[in-house]
Amino acid sequence: MSDYPLTLLYDESCPICKLEMDNLRERDHLNRLLFVDASAPGFDAGKYGVTLSEIMRVIHGVRPDGSIVTGVETIHLAYKAAGLGWLTVATNFPLLKPICNWAYVHFASNRHHVSEILSDVILRIAARRAERRTRACKAGKCTLK
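For what it's worth, this note's numbering labels the leading residue of the sequence shown as 210, then goes sequentially.
Set out below in structure tokens:
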């Protein structure tokens, strides 16, 4: 069973989620990830066999065969696709996996509040990315998708 392309169902209305999906999109040079904003008007969660409230609770990934992965497992697969798998290796260690899963669920349920607290940091990161992309485009190496 192949994990890719992996369709990510995420909440783009969450600034942290949007920032991270933009980061993954930028690094996904092999086009192994597809991005679907579950907060967009007209989004149909039923198409994926889940409810919108489930998707808004934690990130979901849909494998090519239609099977669903959620939470930390989705993040692990997405980072792996973007060449960043080494950052999430520890999330699969037997002693750390339940802690990481627990922490992610608690983070996800408070992500909008965390985004408010970190809004200045998020804006600075987004501005640096935009500036970097603009410089690359001016140099003839535009990577905008």
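C-beta: ideal position from N, C-alpha, C; glycine also.
Extent of the continuous alpha helix (DSSP H) to which residue i belongs
i	result
ILE268	No alpha helix (DSSP H) holds ILE268; DSSP gives it neither H nor E.
ASP231	224 to 236
Rounded Cβ spacing between residue i and residue j (contact assumed at less than 8 Å)
i	j	result
ALA290	ASP237	6 Å
HIS285	ILE277	With 8 Å as the limit, HIS285 and ILE277 do not qualify as a contact, their Cβ atoms being about 14 Å apart.
ILE264	ALA249	Wrong, their Cβ atoms sit about 12 Å apart, outside the cutoff.
Exposure label - residue i; buried when at least 16 CB within 10 Å
i	result
ARG337	exposed
CYS226	buried
ARG333	exposed
LEU239	exposed
ARG344	exposed
PRO153	The structure shown has nothing for residue 153, since the chain only spans 210 to 354.
THR260	exposed
CYS346	exposed
ILE326	exposed
Span of the beta strand (DSSP E), counted from its first residue to its last, around residue i
i	result
ARG239	For clarity, residue 239 is Leu in the given sequence; the question names Arg instead. No beta strand (DSSP E) holds LEU239; DSSP gives it neither H nor E.
TYR219	215 to 219
Exercise for the section: Could I get the ranges of all uninterrupted beta strand (DSSP E) runs contained in the stretch 251 to 333, with 3 residues as the minimum, in chain order? Expected result: 269 to 271 and 277 to 279
Practice task
Examine the Cβ distances between the stretch 271 to 290 and the stretch 213 to 231 and report whether three or more of them are shorter than 8 Å.
Solution key: yes
Handout entry: Inter-stretch contact (C-beta, 8 Å, three-pair minimum) for the stretch 302 to 309 and the stretch 243 to 257
Key = no
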